[in-house]
């Protein structure tokens, strides 16, 4: 029997880290749905039309090393507002969610649009300032020098696009458990998530 965990939240809130840890804890599969949009964004930057890229997306596209760059993140946010791109990627995500043995999907609209009947839903968030600091550390560690001011501006711009888009805007599902990671350690955030899922599992 499948068990689906939907994890939503803005960029750099910790949802990916939490989702991977939760999947490992319960032995579930994990899909970072943001990588789907990053892969489409990367192909768009390479010259493909966004809709064509979404329709032709292959699992190997999710393994490309450049998907974590700031440029691709911005491209992903732009293609994610295109209704046809989102529609093309819905089936991929829903098929993964139904996999035997359980699945954890993290993204922006998993609990509201992709898997509205998920057995457990989490909305992971943190202040824009905390998220910008985390993303800055990631970028610096990956050898992508930038400034805190630039990263904070990018985070706020992405938040605005994600929450204000007409198609599948970023928002908590009405039955999602809210986890604010601003003042939590990774271990504390993961423990909070596991406890919330245990109540429904």
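Numbering (full-length UniProt numbering), first residue to last: 1 to 201. Ideal placement from N, C-alpha and C gives every residue a C-beta, glycine not left out.
Out of 176, 156 and 83, the CA that lies nearest to the CA of residue 73 is found in 156. Around the CB of residue 145, fewer than 16 other CB atoms lie within 10 Å, so the residue is classed as exposed. In this structure, 84 is the residue among 14, 84 and 182 with its C-alpha nearest to the C-alpha of residue 50. Exclusion of the five residues before and after residue 162 leaves 108 and 170 as the residues of its chain whose Cβ lies within less than 6 Å of its Cβ. Residue pairing by DSSP places residue 107 opposite 8 in a beta bridge. Remark: C-beta atoms of residue 10 and residue 159 approach each other more closely than 7 Å.
The beta-carbon distance between residue 122 and residue 176, rounded to whole angstroms, is 6 Å. This is short enough to meet the 8 Å contact definition. Taking C-beta separations shorter than 6 Å and ignoring five residues to either side along the sequence, the partners of residue 130 in its chain run 182, following chain order.
Contact between the segment 9–27 and the segment 38–53 is absent: fewer than 3 CB-CB pairs across the two stretches fall below 8 Å.
Residue 58 sits exposed, since fewer than 16 C-beta atoms from the chains shown fall within 10 Å of its C-beta. The beta carbon of residue 119 sits closer than 8 Å to the beta carbons of 3, 4, 5, 200 and 201 from its chain, once the five residues preceding and following it are set aside; these are given in chain order.
The beta carbon of residue 113 sits closer than 7 Å to those of 168, all from its chain and outside the five residues before and after it, given in chain order. Scanning its chain for C-beta atoms nearer than 7 Å, with the 5 sequence neighbours on each side dropped, one finds around residue 17 the residues 186, in chain order. For residue 121, DSSP records a beta bridge to 6. Nearest to residue 101 by C-alpha distance, out of 26, 13 and 7, is 26. Runs of the alpha helix (DSSP H) lying entirely within the UniProt domain "Cytidylate kinase" (64–197), each at least 4 residues long, are 70–79, 83–97, 128–141 and 148–164 in chain order. One alpha carbon belongs to residue 87, the other to residue 94, and they sit about 11 Å apart. According to the DSSP assignment, residue 29 belongs to the beta strand (DSSP E) that extends over 29–32.
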